[in-house]
Amino acid sequence: MGFKKTSDLIAVSFGNTESAPNTYTQEEIALQLDVLNNEIFVVLCVDLNPAAPDAIAGTDTTTVAQVTSTSQTGIVSLSNTNTLAVSERQIRAAGFVDGGVGFSHFAGETPTAMLDYIGLIATNNFFFGIKGTANLAAKGASGRVWGYRARADASTYAALVQSEVLSA
């Protein structure tokens with residue numbers, strides 16, 4: 000690895016609500032990294048808790064939350080290299096006369112393998128996004144990112160920043 004741990008475990012908590020129902024809303028979370036000394040944030044785990052979608056008879060509804068290392072214009076999937084975690088709650092009610100059946104999908108909370116880390120953030124922030132679909136009220140979500148600060152060598156830091164910025 001081209002970096003050295005410089006802090007103990009850090010937990011960064013956050014939360015946000017859609018600006019209007021079914022509208023992608025993003026918040027920037029500042030890490031206050033020391034960029035002059037090539038400081039990065041090593042992400043160990045992400046926990047996301049989106050609010051339950053509305054149970055509307057005959058209508059599929061969802062609430063999705065995500066954490067990404069770069070700004071996004073909407074919800075993206077784990078196939079996006081800058082996505083650290085996505086959590087989705089759904090109610091499938093299309094064709095039903097009642098509120099339907101609830102489903103949840105969580106990715107990135109606890110990796111099943113013994114990984115050193117799940118992501119590296121080289122810029123000074125990360126982004127938390129929330130969006131509902133077909134809900135009557137604005138939905139919110141909260142989350143927490145666990146990680147530690149590290150100092151990268153010059154070539155590793157340059158490659159991480161370039162990769163993060165160019166893939167935005």
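Residue 29 in numbering that gives the first Met the number 0 sits at position 30 of the sequence shown, and the numbers go up by one each step. Ideal Cβ positions, reconstructed from N, Cα and C, are used throughout, including at glycine.
On a Cα-Cα basis, can you pick out the residue from the options that is closest to residue i?
i           : options            : result
residue 47  : 88, 165, 29 and 4  : 88
residue 149 : 14, 22, 20 and 31  : 31
residue 63  : 155, 116 and 137   : 137
residue 128 : 5, 49 and 35       : 49
residue 5   : 65, 132 and 39     : 39
residue 23  : 73, 156, 57 and 53 : 73
residue 159 : 76, 132 and 34     : 34
residue 25  : 59, 66 and 61      : 66
Between residue i and the rest of its own chain, which residues show a CB-CB distance below 7 Å, the 5 nearest in sequence each way excluded?
i           : result
residue 29  : 123 and 124
residue 7   : 147
residue 116 : 41, 42 and 43
So if DSSP puts residue i in a beta bridge, which residue, or which two residues, is it bridged to?
i           : result
residue 38  : 150
residue 3   : 150
residue 69  : Paired residue(s): none; residue 69 is not in a bridge.
residue 118 : 42
residue 142 : 13 and 47
residue 163 : BP columns for residue 163 are empty, so no partner.
Excluding the five sequence neighbours on either side, which residues of its own chain have a C-beta within less than 8 Å of the C-beta of residue i, listed in chain order?
i           : result
residue 69  : 81, 122, 126, 163, 164, 166 and 167
residue 152 : 1, 2 and 37
residue 172 : Outside the modelled stretch of the chain, which goes from 0 to 167, sits residue 172, for which no answer is possible.
Using C-beta distances below 6 Å, list every residue in its chain close to residue i, excluding the 5 sequence neighbours before and after it, in chain order.
i           : result
residue 100 : 91
residue 11  : 144
residue 133 : 58 and 60
Just the Cα atoms here: how many angstroms apart are residue i and residue j?
i           : j           : result
residue 107 : residue 85  : Reliability fails at residue 107, whose pLDDT of 49 lies under 50, so the model's placement of it is uncertain and no value is given.
residue 135 : residue 83  : 28 Å
residue 94  : residue 53  : 16 Å
residue 27  : residue 15  : 10 Å
residue 139 : residue 157 : 35 Å
residue 131 : residue 113 : 33 Å
residue 142 : residue 161 : 27 Å
residue 71  : residue 56  : 32 Å
Across the stretch 13-21 and the stretch 113-122, are there enough close Cβ pairs to call them in contact, namely three or more that are closer than 8 Å? no
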